[in-house]
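This report concerns only the one structure given below.
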Amino acid sequence: MYALVASAPENSAATIQLMTAEGILAGPAQTVARSDLAGVVSSLEREHAPRWVWDRAQNWYPELLAANVRVERCHDLALRQAILVHSAFTAETGYGDNAAMLPPENEASQAGSTSTQGSLFEQLSASTGWDLATVTAELGAQKAAIASSTHPARLTLLTSAESACALVAAEMQYEGIPWREDLHRRLLHELLGPEPTGYVHPEKMDELAATLRAALDAPALNPDSPQELMRALHRAGIDVKSTRSWELMEFKHPAIEPLLAYRKLSRLFTTNGWTWLEQWVHQGRFHSEYVVGGVVSGRWASRGGGAMQIPKQIRGAARADPGHKFIVADAAQLEPRVLAALAQDSTMAAAGRDSDLYAGIAAQGFGGERDMAKVALLGAIYGSTSGESGRLMPQLTRMYPLAVGFVEEAARAGERGETVTTRLGRSTPPVSAQWRASQRSSTAEEQRRAESAARTRGRFTRNFVVQGTAAEWACCWLAELRRRLRALPLETVTTSGTQADRPAMVFFLHDEVMVHCPDALIEVVTKIVHDSSRAATRLLFGEIPLEFPVNVTVVENYADAK
DNA sequence: GCACTGAGCGCG
DNA sequence: AAAGCGCGCTCAGTGC
34 MYALVASAPE NSAATIQLMT AEGILAGPAQ TVARSDLAGV VSSLEREHAP
84 RWVWDRAQNW YPELLAANVR VERCHDLALR QAILVHSAFT AETGYGDNAA
134 MLPPENEASQ AGSTSTQGSL FEQLSASTGW DLATVTAELG AQKAAIASST
184 HPARLTLLTS AESACALVAA EMQYEGIPWR EDLHRRLLHE LLGPEPTGYV
234 HPEKMDELAA TLRAALDAPA LNPDSPQELM RALHRAGIDV KSTRSWELME
284 FKHPAIEPLL AYRKLSRLFT TNGWTWLEQW VHQGRFHSEY VVGGVVSGRW
334 ASRGGGAMQI PKQIRGAARA DPGHKFIVAD AAQLEPRVLA ALAQDSTMAA
384 AGRDSDLYAG IAAQGFGGER DMAKVALLGA IYGSTSGESG RLMPQLTRMY
434 PLAVGFVEEA ARAGERGETV TTRLGRSTPP VSAQWRASQR SSTAEEQRRA
484 ESAARTRGRF TRNFVVQGTA AEWACCWLAE LRRRLRALPL ETVTTSGTQA
534 DRPAMVFFLH DEVMVHCPDA LIEVVTKIVH DSSRAATRLL FGEIPLEFPV
584 NVTVVENYAD AK
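Last residue of the first sequence: 595 (the numbering used here), numbering continuous.
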């Protein structure tokens, strides 16, 4: 059973239509005031357990969660459309030409909540989501496109898992990461000094700036200005081409150390300091919005608060509640393993038989040098040509012709302007007409630039197939994890039997997931994490002679993970 | 004053 | 040791 959810003509209402899997309407559509929506959804969920179909989960689910209503499954039509529009598997179906225009994002449901940004136009357009006719037509068009595609099973899996992730993302946003404001403030005080009042810098930054100005003999220097800084460095005889820290570290000069220290503190103060704390941490939780499929490769992005760039420096402020632990799980060497599976390179798969793939590769041919094996393999996935990893490529190619050949072929296709596709069917967007035109250029200078652009695109497509398929593995892992956690019988696993005592996914970062878990459930949830990873591997690749091991640590404090 | 870009750096 | 992939955030600087 499907339950289609759409915007009613009146903005403050929704239309709900039940429909069978065969597309037959089950009863009349009902119009529900937005304020009654959660109650209606809750009772339909209990009665029919339908698959909810809506323009975007993000436009509907947050308000349901706020009313403590959760759903088992959905179709997020916008996320499915983003996949199907470009997928090579649906290229012959004509779907891309007929897809409905993407629904706007509902501003009110977003995590930022300060609502200071966003033009008047955006606020107006945000008020109208898809109506019932659009939702019905788009669902039909998507089902038809998948059914007539070259790989219906893979696209069904991908679009289902992606929709499940939309639910995961909204739930994570709602839960938030347990975040101890007092510990964060203590960390800031230790590193930066007392909280400054007004528009001044913290003590420790001012001290370092003064040391730096003295060392460079530049009393008026603003260390935040790359231009001023570059001039001052050159005057002091430090001949750098940029002021990047790795380049500065090559030089020996009394100004380098205070400059690097200043940079580090400045970054902490401006990005994750007191202002960040006030803006993003409320009632002991850090809430950020996740953007599923926000990256071309299908990885998640985040909006607001920089959830996916939390520096290691402040992870100590993430603490599990009393009686709880964080279960932090990350997939070991996910991308190299994905490459071995995609290329069906059984030699590389054999190297990954034990839990450390890099060590296995090092043992097979890099004289046991694990770091060397790692640099070489990542270089192959990123398209490195120079430096140490570039020099190691010939040896890697001799050892694993299938794996290296696979990414090389993806690179060549990208250079020719073709699209490439992940295991489950996410394709790169087509090259622009401008890009294609530039490839047929006449002058030598244009030719040189065109070749450079082609190589850049080759590195992109080379990485896309691996990073994108890794994102699909992680997406399936999350979906399986969510399903299994929901299936835990509430009364047998918690003392209080309340929603608050259930294990909750609270953070996800590409190949790592964090579950906030009551102490009594740590063993059972740890097993679920592992079971879900094995399920994800089977869903993507079937039965293959390669494991995707997951490292699990149980900690009170996120800083103690790995 | 606003929108945009580049530099720099945080994460994987 | 080197600088190859994908992002988001902040600030300085620029152009209107």
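Heads up, the beta-carbon is just placed ideally off N, CA and C, and yes, glycines get one too.
DSSP places TRP163 outside both helix and strand once states are collapsed to three, so it counts as coil. In this structure, the straight-line span from the alpha carbon of VAL38 to that of GLY129 is close to 23 Å.
If you draw a 10 Å sphere on the C-beta of LYS237, you find 16 or more other C-beta atoms in it, and that means buried. PRO551 places its beta carbon 9 Å or farther from that of ARG352.
Pairing SER76 with ALA166, the inter-Cα distance amounts to about 24 Å. In this structure, ALA46 sits near VAL65, with a CB-CB distance shorter than 9 Å. In this structure the stretch 372-390 touches the stretch 570-586; the number of beta carbon pairs closer than 8 Å is three or more.
Pairwise C-beta distances place the stretch 267-283 in contact with the stretch 242-251, as three or more of them are shorter than 8 Å. Under the three-state reduction of DSSP output, ASN496 falls in the helix class. In this structure, SER422 keeps its C-beta atom at 9 Å or more from the C-beta atom of ALA436.
Secondary structure note for VAL587: its beta strand (DSSP E) is the uninterrupted segment 583-588.
Taken atom to atom, the span from the alpha-carbon of LEU511 to that of PRO252 is near 54 Å. The beta carbons of LEU220 and GLY349 sit about 6 Å from each other, so the pair counts as a contact at 8 Å.
ALA504 and ARG571 have their C-alpha atoms some 15 Å from each other. Note that the C-beta distance between ASN590 and PHE359 is below 9 Å.
Note on THR192: 16 or more other CB atoms within 10 angstroms of its CB, so buried under the neighbour-count rule. In this structure, ALA392 keeps its C-beta atom at 9 Å or more from the C-beta atom of PHE574. Selection SER475, VAL371, TRP468 evaluated against THR502 yields VAL371 as nearest (Cα-Cα). Under DSSP, TYR35 takes part in a beta bridge, and its partners are MET52, ARG84.
Within the model, the alpha-carbon separation for THR183 versus SER379 is close to 27 Å.
From the listed residues VAL329, ALA133, CYS107, the smallest Cα separation to VAL453 is found for VAL329.
CA-to-CA, the gap between GLY491 and GLU223 works out to about 46 Å. An exposed status is given to LYS274, since fewer than 16 other beta-carbon atoms sit within 10 Å of its beta-carbon. Taking 9 Å as the cut-off, the Cβ atoms of LEU310 and GLU214 count as close. Rounded to whole angstroms, PRO344 and ALA594 show a C-alpha spacing of 13 Å.
Secondary structure of VAL168 (DSSP, three-state): helix.
Scanning the stretch 355-382 for uninterrupted alpha helix (DSSP H) segments of 4 residues or longer gives 367-376, listed from N- to C-terminal end.
Look at ILE210 here: in three-state DSSP terms it is strand. Here the C-alpha atom of PRO235 lies approximately 13 Å from the C-alpha atom of ASN305. Shown here for LEU514: same chain residues with a beta carbon closer than 6 Å to its own, the five before and five after excluded, namely SER565 in chain order.
Distance check between LEU554 and each of GLU402, GLY356, ARG300 places GLY356 closest, using alpha-carbon atoms only. For LEU112, the CB contacts under 7 Å within the same chain, skipping 5 residues up- and downstream, are GLU195, SER196, ALA199, VAL325, GLY326 in chain order.
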